[in-house]
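Report on one structure; see the data block that follows.
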Amino acid sequence: LSRYYKQTHDDHFTLIITDFNSTDVDIPALLKSSSLKHHYMNIKTENFQFSRTIGINRAATWIRNDDAILLMYDLHLTFPVDMLDNVRKRCKQGKAAYFPIVTRLGCGFAPRYPNGYPELWGFGISAFYKSDYVNVGGMNDQKFRFKWGGEDSDIADRTISNSLEIERLLHPYFFHYYHRQLPWKKSTAKKEKENKDINEPKIIKEIQA
Numbered sequence: 174l175s176r177y178y179k180q181t182h183d184d185h186f187t188l189i190i191t192d193f194n195s196t197d198v199d200i201p202a203l204l205k206s207s208s209l210k211h212h213y214m215n216i217k218t219e220n221f222q223f224s225r226t227i228g229i230n231r232a233a234t235w236i237r238n239d240d241a242i243l244l245m246y247d248l249h250l251t252f253p254v255d256m257l258d259n260v261r262k263r264c265k266q267g268k269a270a271y272f273p274i275v276t277r278l279g280c281g282f283a284p285r286y287p288n289g290y291p292e293l294w295g296f297g298i299s300a301f302y303k304s305d306y307v308n309v310g311g312m313n314d315q316k317f318r319f320k321w322g323g324e325d326s327d328i329a330d331r332t333i334s335n336s337l338e339i340e341r342l343l344h345p346y347f348f349h350y351y352h353r354q355l356p357w358k359k360s361t362a363k364k365e366k367e368n369k370d371i372n373e374p375k376i377i378k379e380i381q382a
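One gets the numbering used here by counting positions in the sequence shown from 1 and adding 173 to each.
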């Protein structure tokens, strides 16, 4: 995203990160030293186990403008220079949300030498107008609080149920880098059983340059 900003000088976006008390990186310091120092918001939650659905919903609550567009991104992905333009073109308020199709790279391959397959049934990356995101109910952070898999198709189903169309495009140069299964994903089911009474975040702070 920093590279994207340097290439386009697009001033009409804000990066929002929900930080679940990270200890391996100083996110505010990293962002302040980047070219995004005037284009980000870091929401820090204290004493809370990581949850993708809760993280996305927490970030969405900080967007006050119903006419703004939310793009929910993920790790290990390229960021094509025309990504935001495509999001703006294909999201239609009250009519359509955008779920771009990512190409998964095989082990040892890179965007310059790609070999992989399109994730046709993957709905992990999506974009909505804020008003539409609220109307479909956002991410289901009760059913998929710590559960992996199904939360993306769930919001896609509810998008259609709320009379919105889904725009799909096999986006050029939009790649997911190959990686082994992340160890914390394997342990989420076990942690969920051990932590039935997880407390809600006690502190939510906004840190902005």
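For every residue, glycine included, the Cβ atom is placed at its ideal position computed from N, Cα and C.
Predicted model, so just to flag it, every value in this text is computed and none were measured.
*With a threshold of 16 other CB atoms inside 10 Å of the CB of A283, please say whether the residue is buried or exposed.*
exposed
*Is DSSP giving Y286 helix, strand or coil here?*
strand
*Roughly how far, in whole angstroms, is the beta-carbon of R231 from the beta-carbon of T196, given that I think they are within contact range, below 8 Å?*
In fact, because the Cβ distance is near 19 Å, the residues do not count as touching under 8 Å.
_S299: first and last residue of the uninterrupted beta strand (DSSP E) it sits in_ = 299–302
_Taking DSSP's pairing of strands, which residues face M245 in a bridge?_
DSSP output for M245 lists S299 as bridge partner(s).
*T226 in three-state terms, based on DSSP*: helix
*Inter-residue spacing [alpha-carbon to alpha-carbon] between V307 and D183*: Spanning the two alpha carbons is a distance of roughly 26 Å.
*Establish whether the CB of I274 and some CB of chain B are separated by less than 9 Å.*
Absent from the structure: chain B. Only one protein chain is present.
*Determine the burial state of N215: buried for a count of at least 16 other Cβ atoms within 10 Å of its Cβ, exposed for fewer.*
buried
*If you run the structure through DSSP and keep just helix, strand and coil, what is T361?*
Residue placement at T361 is flagged as unreliable, the pLDDT there being 45, under the threshold of 50; a coordinate-derived value is accordingly withheld.
*What number of angstroms, rounded off, separates the C-alpha of E292 from the C-alpha of K262?*
Just so you know, the alpha carbons of E292 and K262 end up roughly 22 Å apart.
*Start and end of the alpha helix (DSSP H) containing N259?*
256–263
*Excluding the five sequence neighbours on either side, which residues of its own chain have a C-beta within less than 8 Å of the C-beta of A269, listed in chain order?*
R263, L337, E338, I339, E340
*Is it the case that the Cβ atoms of V309 and S334 are separated by a distance below 9 Å?*
yes
*Take K267 and list the residues in its own chain whose beta-carbon comes closer than 8 Å to its own, dropping the five residues that flank it on each side.*
Checking the sequence shown, residue 267 turns out to be Gly, not Lys. Around G267: Y302, S304, D305, L337.
_Helix, strand or coil at V275 [DSSP, three-state]_ = strand
*What are the residues that DSSP puts in a beta bridge with P385?*
As shown, the chain starts at 174 and ends at 382. That puts residue 385 outside it, with no answer to give.
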